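Read the structure below first, then the notes.
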Amino acid sequence: MMRLLQRLDWMRMVLGICIVIDGYPLIFFFKETLRLAPGSTAFTALVLALGFALMIPFTLFRRLYKPNFTVMWMGIAFILLCIFYMFVFRGDPLFSDYTKDLLYFLYIFIFLFLLINIPNDIIEVCIPVIIAFTLISNLALVYAMITDPTWALGQRAAITYGTDDERSGNPHVFARNALMCVIACSVWVFRPQTNFIGRIMALFAGVFSMAILVMTQTRSSIVALVLVVLAFIFFHARPAQIKSAVRGLFRPLPIITMGIVFIGIIFFFRRYYEIYGLLYSYIIAFVERNLENMYALLGLKVGSYKAEFDASAGNRAVSATFLNNVLIGHMHLLILGAGYKFLYLDIPVVEALINHGILGFFLFAGMNCIILYHAFRTIKSNPNPLATFLAYFYLLIFVQLFTNGRPYDTSFWHPLCLMIRFLGIDHLLPARLMNHPPLTAVEQPNGVVASNGLAS
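In this text, residue positions in the sequence shown follow numbering that gives the first Met the number 0: the first is 0, and each later residue adds one.
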């Protein structure tokens, strides 16, 4: 009973983390679909506060856990630099959102502090909670689209809000949620300790989330998914691994699992053939839209007219041109930067350089380079389920550094705080939390024992 209560307590903390990291899909659902608080920022703040409250451990202030100190101090230094620039060196003379921006930075510090207080033992329960949370968010999105009279087939998957004449939505948060579910399901499926029922459920949840990801038509998430697949192949598709995987496929349990999944997918699409047609049309539309961007980049024509960038790609093209002009004729601007929120470039890593100069770029880009290094090491070694999930998830954050957002956004910093806490700290974790714990003397072929009792 005590063990069960302890695991439930860990699950409570993971649920709080999920709300902070990925709460916006459900927040939109409750606010706009169920009409609990349409357009209310107070409701959003209340839900995030609930996430913080759920994260509070019973050992708060009494037991702290070591994060990745190098990355943590670089991140804190960049945020403090942003706050200093906010009051001393503003790039926008009309800037007045001091309270709002300071509150966002406070949220980042609170989240990081709570993570340092949370025990490493949440690694044991984190992936099932993430799968359940993201799957519920995906189901809520489907319900919202079905019941929304203004949403039509062919539109990007998102919960729309606003007046009838000016309704809009944010597909990026739903794409992130879907990708998180796909990654978490993959980690759970490939985990040897996962039982048959859990593997089947994770497979179906992953396929369903993949369909949602396609329907959002979000380039950054699609590119991140491709990078996830390529990273997995690069680090794990060695001849020995391929041979072992092929042998494993011909065992009874994998054959039964693949058969059930295949039959289930075929039956589903035969029963709901229009869904197959819908997904196919989304894929074709996504490919055509991105091909036109490529044609525009090369200055080619599509039919009888010249190809043009879409709005988001056009913004980044303008930002790249601005950076090029700065590098050619205004290099002095990069010494200290142009000031806090001088210009919205939609490329966070470039905006850190333009707004905060060489020091800001060094801190922001350097922090992300170190995290990327630890992410690749983690993908290669697969030390524990949470670290593996975060390593693959970071590939989405890395893509978004060059595609959308600002270096101040909590949508970046909350996941980065999670990377700071759990990536690159494998040597600090007890063996029971590791996928590949150190071998003991009994397990070592030569039986050599080190002075600490672990096999050398």
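The C-beta atom is built at its ideal place from N, Cα and C for all residues, glycine as well. In this text, all values refer to a predicted model and were calculated from it rather than measured experimentally.
(message) Between the segment 198-214 and the segment 399-407, can you find at least three pairs of beta-carbon atoms closer than 8 Å?
(response) no
(message) Our contact map puts Ala156 next to Met144 with C-beta atoms below 8 Å; I'd like the distance itself, whole angstroms only.
(response) If you number the sequence shown from 1, residue 156 lands on position 157. If you number the sequence shown from 1, residue 144 lands on position 145. Their Cβ separation, rounded to whole angstroms, is 6 Å, which keeps Ala156 and Met144 in contact under 8 Å.
(request) Kindly indicate which three-state DSSP category Ser167 falls into: helix, strand or coil? (result) For this step, residue 167 is matched to residue 168 along the sequence shown. Here Ser167 sits in strand by DSSP.
(request) Note down, in chain order, each residue of its chain lying with its Cβ closer than 8 Å to the Cβ of Leu394, except the 5 sequence neighbours on either side. (result) Residue 394 sits at position 395 when you count from the first residue of the sequence shown. Cβ within range, chain order: Ala223, Leu226, Val227, Ala230, Ala374.
(request) Using three-state DSSP, classify Arg190 as helix, strand or coil. (result) On the sequence shown, residue 190 is found 191 positions in, with the first residue counted as 1. Arg190 falls in the coil class under three-state DSSP.
(request) Return helix, strand or coil for Arg61, following the three-state DSSP convention. (result) Working through the sequence shown from its first residue, we reach residue 61 at position 62. DSSP places Arg61 in coil when its eight states are reduced to three.
(message) Quick check: the Cα distance between Met71 and Thr149, rounded to an integer number of angstroms?
(response) Locating residue 71 in the sequence shown gives position 72, counting from the first residue. Locating residue 149 in the sequence shown gives position 150, counting from the first residue. Taking the straight line joining both Cα atoms gives about 44 Å.
(request) Name the two residues that bound the continuous alpha helix (DSSP H) containing His432. (result) Along the sequence shown, one-based indexing puts residue 432 at 433. For the sequence presented, residue 432 should be read as Leu rather than His. Unbroken run through Leu432: none, as it is neither H nor E.
(message) Give me the residue from Asn354, Met366, Leu33 with the minimum Cα distance to Tyr160.
(response) Within the sequence shown, numbered from 1, the residue matching residue 160 stands at position 161. Out of Asn354, Met366, Leu33, Leu33 has the C-alpha closest to the C-alpha of Tyr160.
(message) With a threshold of 6 Å on Cβ separation, who are the neighbours of Thr187 within its own chain once the five nearest residues in sequence on each side are excluded?
(response) The residue labelled residue 187 in the question sits at position 188 within the sequence shown. First, the residue type needs correcting, since residue 187 is Trp and not Thr in the sequence shown. These residues qualify, in order along the chain: Ile126, Thr193, Ala201.
(message) Can you tell me whether Tyr391 is helix, strand or coil according to DSSP?
(response) Residue 391 sits at position 392 when you count from the first residue of the sequence shown. It is helical.
(message) According to DSSP, is Arg250 part of a helix, a strand, or is it coil?
(response) If you number the sequence shown from 1, residue 250 lands on position 251. Reduced to three states, the DSSP call for Arg250 is coil.
(request) To the nearest angstrom, report how far apart Tyr23 and Ala139 are at their CA atoms. (result) Working through the sequence shown from its first residue, we reach residue 23 at position 24. Working through the sequence shown from its first residue, we reach residue 139 at position 140. Each residue's Cα considered, the two are about 12 Å apart.
(message) Once DSSP output is grouped into helix, strand and coil, what is the label at Tyr160?
(response) For the purposes of this step, residue 160 is taken as the residue at position 161 of the sequence shown. Correct three-state label for Tyr160: strand.
(request) Along the alpha helix (DSSP H) that carries Glu350, what are the first and last residues, could you check? (result) Taking the sequence shown and counting its residues from 1, one reaches residue 350 at position 351. Looking at the DSSP string, the run of the alpha helix (DSSP H) that includes Glu350 is 347-380.
(message) Looking at the strands, I want to know which residues DSSP matches up with Arg89.
(response) As a first step, residue 89 must be located in the sequence shown, where it is residue number 90. The partner list for Arg89 (beta bridge, DSSP) reads Tyr339.
(message) Spatial neighbours of Ile82 within its chain, please: C-beta separation below 7 Å, excluding the five flanking residues on both sides.
(response) Position 83 of the sequence shown holds residue 82. Counting only Cβ-Cβ distances below 7 Å, and skipping sequence neighbours, we find Phe104.
(message) Is the separation between the beta-carbon of Ala337 and that of Ala351 shorter than 8 Å?
(response) For the purposes of this step, residue 337 is identified with residue 338 of the sequence shown, where counting begins at 1. For the purposes of this step, residue 351 is identified with residue 352 of the sequence shown, where counting begins at 1. Contact flag unset, no.
(message) My output table needs one value for Ala295: the three-state DSSP class, helix, strand or coil.
(response) Counting from 1 along the sequence shown, the entry for residue 295 is found at position 296. Reliability fails at Ala295, whose pLDDT of 48 lies under 50, so the model's placement of it is uncertain and the value that follows must be treated cautiously. Three-state DSSP puts Ala295 in a helix.
(request) Starting from the C-beta of Gly462, find all residues in its chain whose C-beta is less than 6 Å away, skip the five residues before and the five after it, and write them out in chain order. (result) Outside the displayed span of the chain (0 to 455) sits residue 462, for which this structure offers no information.
(message) Distance check for Arg190 and Trp9, CA to CA, integer angstroms please.
(response) Walking along the sequence shown from the start, residue 9 turns up at place 10. Walking along the sequence shown from the start, residue 190 turns up at place 191. The alpha-carbon atoms of Trp9 and Arg190 are separated by roughly 20 Å.
(message) As a quick exercise: from Ile262, Glu123, Phe233, pick the residue whose alpha carbon is nearest that of Ala430.
(response) What you label residue 430 is simply residue 431 of the sequence shown in a count that begins at 1. Ala430 has its Cα closest to that of Glu123, out of Ile262, Glu123, Phe233.
(message) Please identify the residue among Phe195, Pro238, Glu31 whose C-alpha is closest to the C-alpha of Ile259.
(response) The count along the sequence shown starts at 1 and reaches residue 259 at position 260. Comparing Cα positions, the closest option is Phe195.
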